[in-house]
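When we follow our numbering, the leftmost residue of the sequence shown carries the number 129, and every step to the right adds one.
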Amino acid sequence: MNLLVTGGAGYIGSHFCKAATKVGHDVVVYDNLSAGHKKFVKFGPFEQGDIRDTQKVIAALKEHRVEAIVHFAAKALVGESMKYPELYYSNNTWGTASVFEAAKNCDITKVVFSSSCATYGTPEVSQISETTLQEPINPYGVSKKQSEEIAKDYQRLCGIRVAMLRYFNVAGQDEDGELYEDHSPETHIIPNILLAAKEGRPFTVNGDDYNTPDGSCIRDYVYVGDLVKAHLKALVQLETQNCLVSNVALGKGYSVKEVFEAVKDVLAIQPKVIVGPRRQGDPDRLVADATFFRTWYTEEMKDLASMIATLRPRN
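The following block contains the structure:
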């Protein structure tokens, strides 16, 4: 199948492109390189462009005879979204509307959309299911919820089959080291622990006064390789389903302090730790109920230690 992958030069998008080509798909990367990297565009042709440029997206779809879209492109920093909400409503909300409008114009019938657990906000449940009320508490989460509503409208009104995958914290890297996380600034916890160790400075835990057993916030995780395989499986699900909404996670929560200790143990490093202020907009706990997810994605998944073990030091 010919796939257009928005954000295909980024961390998750590039991993998806590699996995997709391995199983016989042809991919076209569409990315403006605002956060992605040209060095990760290795698995198919590249179209540099903004997803908000609907006509340019349409041109790419037509030129490459695209049959389905996998839509990763988005801004994804909670803290930044609190400072610059307009960037998130423009890039994420309007950008998603543009992608779906382009799909409609080119008779594309399948779109897999990367949503987020941030759409749930701070639910008062120990594990979050797909039916949990979505009440996001930051513009990033709001923009993803709005994007879901756009996707549902295009499904209902235009017949585009859509999968919306609400994934939790993504970790790990390609096991042969060809692809990896490369963000600037880096905000993800595990790469930041490694960076602190490499630079000989303490790792900062952002807040120890959350309503959790050890005071640090709790998150669920999913290995990037499992996540991209779930996107491939979602494409298959859309052969028989009009709309798929699913969490993607292990269904197990780990606190920041627990992740820090796991990284130390698995990678045999000894960084120090200090406590800093909370990050604005961070919920206390986000842990998935993965019951529904595991009904349609049945492959074995990496646990946290196995995710960490995929990491390799870089210069």
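Ideal Cβ placement from N, Cα and C applies to all residues, glycine included. Computed from a predicted model, the values in this text were never measured in an experiment.
Going by other Cβ atoms of all chains shown within 10 Å of its Cβ, with 16 needed for buried, is L293 buried or exposed?
If you number the sequence shown from 1, residue 293 lands on position 165. Per the 10 Å Cβ criterion, buried.
Please classify Q176: does DSSP put it in a helix, a strand, or coil?
Numbered from its first residue, the sequence shown carries residue 176 at position 48. Looking at Q176 - three-state DSSP - the assignment turns out to be strand.
Using 8 angstroms for Cβ pairs, my map puts V133 next to V156. What's the rounded Cβ distance?
Start at 1 with the first residue of the sequence shown, and residue 133 comes out as number 5. Start at 1 with the first residue of the sequence shown, and residue 156 comes out as number 28. Contact between V133 and V156 is confirmed by a C-beta separation of about 7 angstroms, below the 8 angstroms threshold.
In whole angstroms, give me the CA-to-CA distance for A416 and A299.
The residue labelled residue 416 in the question sits at position 288 within the sequence shown. The residue labelled residue 299 in the question sits at position 171 within the sequence shown. Going from the Cα of A416 to the Cα of A299 covers about 16 angstroms.
If you compare alpha carbons, which of E276, Y139, A202, G207 is closest to D178?
By 1-based counting over the sequence shown, the position of residue 178 is 50. Out of E276, Y139, A202, G207, A202 has the C-alpha closest to the C-alpha of D178.
From what residue to what residue does the alpha helix (DSSP H) around A362 run?
Counted from its first residue, the sequence shown places residue 362 at position 234. Note, A362: alpha helix (DSSP H), 352-365.
N- and C-terminal bounds of the alpha helix (DSSP H) containing G269
Translated into the one-based positions of the sequence shown, residue 269 becomes position 141. Where G269 is concerned, the enclosing alpha helix (DSSP H) stretches over 267-286.
On the CB-based measure, 16 or more other CB atoms within 10 Å of its CB, does K190 come out buried or exposed?
Stepping through the sequence shown from its first residue, residue 190 is reached at position 62. By the 10 Å Cβ count, K190 comes out exposed.
Can you find the residues in the same chain that come closer than 7 angstroms, C-beta to C-beta, to L261, ignoring five residues on each side of it along the sequence?
The residue given as residue 261 occupies position 133 in the sequence shown. For L261, where only same-chain residues beyond five positions count, the Cβ hits under 7 angstroms are P251.
Residue from G249, E258, T332, S271 with nearest C-alpha to I265:
Residue numbering aside, residue 265 sits at position 137 when the sequence shown is read from its first letter. Residue G249 is the option with its Cα nearest to I265.
Nearest to N130 by alpha carbon, out of Y268, D354, V194?
Here the question's residue 130 lines up with position 2 in the sequence shown. Comparing Cα-Cα distances from N130 to each of Y268, D354, V194, the minimum goes to V194.
Based on the DSSP secondary-structure assignment, which residues constitute the bridge partners of R294?
Here residue 294 refers to the residue found at position 166 of the sequence shown. According to DSSP, R294 bridges with S243, N375.
Quick one: Cα of T419 to Cα of V239, how far?
As a working note, residue 419 is residue 291 in the sequence shown. As a working note, residue 239 is residue 111 in the sequence shown. Spanning the two alpha carbons is a distance of roughly 23 angstroms.
Using only CA atoms, which one of Q274, L432, L161, H153 lies nearest to N220?
Sequence index remark: in the sequence shown, residue 220 carries index 92 (1-based). It is Q274.
My parser needs the beta strand (DSSP E) runs of 3 or more residues fully inside the stretch 136-171; what are they?
154-159
In three-state terms, what does DSSP make of R422?
Your numbering for residue 422 matches position 294 in the sequence shown. Helix, per DSSP.
P173 and M210 closer than 8 angstroms at C-beta:
For the purposes of this step, residue 173 is identified with residue 45 of the sequence shown, where counting begins at 1. For the purposes of this step, residue 210 is identified with residue 82 of the sequence shown, where counting begins at 1. Cβ distance not < 8 angstroms, so P173 and M210 don't count as in contact.
So who's on the other strand from L131, going by DSSP bridges?
What you label residue 131 is simply residue 3 of the sequence shown in a count that begins at 1. Answer is V155, A196, bridged to L131.
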